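Visitor: Its first residue numbered 25, the sequence shown is counted upward by one per residue in the working numbering. The beta-carbon is built from N, C-alpha and C at its ideal position, and this holds for glycine as well. These numbers were taken from a predicted model, which means no experiment stands behind them.
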Amino acid sequence: VLVTEDDVIVDKAKQVELFDAQKILGEDTIGSIVNLSDNKNYTVENNQIQTSLFKAGEHTCLFYNAEQTFGVEVNLVAADVVIYDKDDLLLLPSYTSGYIVLANDISDVNYNRGGQPYERTFTGTFNGLGHTISNITFVGNNQSYGFFAYVNAATFKNIAVVGAKLKTSGGTFFNRSKGGETVIDNTYVEISWDKSVSKVGGVCGWVWRGTLVYSNSICIVNGPMSRNGLITGKNHSQTTVKNSYVLGEGTLSGTEPGENNNYAVLNKVAGVAYASQEEFLKAISNGKTDFSGFNKYWDFSGNIPRMK
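(1) Give the DSSP bridge partners of S216, in chain order.
(2) What are the start and end residues of the beta strand (DSSP E) that includes A102?
(3) Check each candidate in T264, V270, K202, D104 and name the one with the smallest Cα separation from E303.
(4) Touching or not, the stretch 215 to 233 and the stretch 188 to 201, by the rule of three or more beta carbon pairs under 8 angstroms?
(5) With distance defined between alpha-carbon atoms, name the residue in N99, A45, F150, L115 nearest to Y123.
(6) Taking its Cβ as the centre, do 16 or more other Cβ atoms sit within 10 Å of A37, making it buried, or is it exposed?
(7) Kindly indicate which residue of G148, T161, Y212 has the alpha-carbon position closest to the one of S268.
(8) Keeping to the same chain, check which residues put their C-beta closer than 7 angstroms to that of A45; ignore five residues upstream and five downstream.
(9) How far does the beta strand (DSSP E) with I130 in it extend, from its first residue to its last?
(10) List the DSSP bridge partners of D323.
(11) What does DSSP give as the partner residue(s) for E41 in the beta ladder?
(12) Do Y135 and L114 come within 8 angstroms of each other at the CB atom, strictly closer than that value?
(13) Give me the Cα-Cα distance between C85 and D218, rounded to the nearest whole angstrom.
(14) Run through DSSP, which three-state label would Q140 get?
(15) Determine the direct distance from the alpha carbon of T235 to that of V101, and round the result to whole angstroms.
(16) So what's V27 in DSSP terms, helix, strand or just coil?
(17) Could you have a look at E51 and say whether DSSP puts it in helix, strand or coil?
(18) In three-state terms, what does DSSP make of Q262?
(19) Let me know the secondary structure DSSP gives S222 once reduced to three states.
(20) Which same chain residues end up closer than 6 angstroms to G272 when comparing Cβ atoms and leaving out the 5 residues on each side of it in sequence?
(21) Looking at the secondary structure, which residues open and close the alpha helix (DSSP H) in which E82 lies?
(22) What is the DSSP secondary structure of F304, counted as helix, strand or coil?
(23) Taking the DSSP output, what are the residues bridged to D35?
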């Protein structure tokens, strides 16, 4: 059985998915699919399959040719919503749930939620599948920004966001957590902001309620740290940092005036992170970094690992 590094997307918004047999198998026809995750077998006709056969999420599958002489193992991702282009991305905050994937790289985005109805709470998964959103500016009406306004037990993974700029409070992925365990895993962020904004963080604005787990990720921040943080702008609940690296000067979490300046960082953030590029690169040279949790989407050829 061969293995391909390419993800195969099933868009559940469609009734039928047409597979690219040549890209998957190197042949013209797919004969069958074995879903190893669900232990189910499917016959494929004319390279098409009913999207309802796959529940939303990731599946390890074997695609066999028409003669059943060889198979290719792929990561099949069945998505409730597929983001194909910039217009799709701008609709992202209108969703409150579901399994959402990014199908392509996207660049040059003015990301403006525009108020209602986008001040909603997201409880689903946003899987970037290793794609990059570049040169994105979060703007608009003095509101708090990020891809989503609020989250509750949401998941963000396998995505790079580079050349991001925050024009108001918030963070890359969301502004405020409202409950549950939210996970940010296998992500890469380069973000900046200027002195006019506060209550901002590299990945989110405010861990208010619930918990945040930040793992196998890198965040590079360029911006003033007064009332701001490298990971979270404010942190009134539990944040755990696992095997992640922060490049920038400042504290992992910001504080409000009157708060104990060490409260958010020492009492509410646990785990491993480096708060300067010098310390980060030194740890790499000393072999103290652990990239075992970083998956296939990463490029380790340079001084600083980043998404391919």
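Guide: From the atom records:
(1) K189, N246
(2) 95 to 103
(3) Measuring from the Cα of E303, the nearest candidate turns out to be V270.
(4) A contact is defined here as three or more CB-CB pairs under 8 angstroms, and the stretch 215 to 233 meets this definition with respect to the stretch 188 to 201.
(5) F150
(6) exposed
(7) Y212
(8) E51, D52, T53, I54, N71
(9) 130 to 135
(10) The beta-bridge partner set that DSSP reports for D323 consists of R330.
(11) I73
(12) Yes, Cβ-Cβ distance for L114 and Y135 is below 8 angstroms.
(13) C85 and D218 have their C-alpha atoms spaced approximately 46 angstroms apart.
(14) Below a pLDDT of 50, predicted positions are generally treated as unreliable, and Q140, at 49, falls in that range; the measurement from the model is reported next regardless. Here Q140 sits in coil by DSSP.
(15) Spanning the alpha carbons of V101 and T235 requires a straight line of approximately 27 angstroms.
(16) strand
(17) coil
(18) strand
(19) coil
(20) V245, L254
(21) Run containing E82: none in the alpha helix (DSSP H); it sits in the beta strand (DSSP E), 81 to 89.
(22) Reduced to three states, the DSSP call for F304 is helix.
(23) A103
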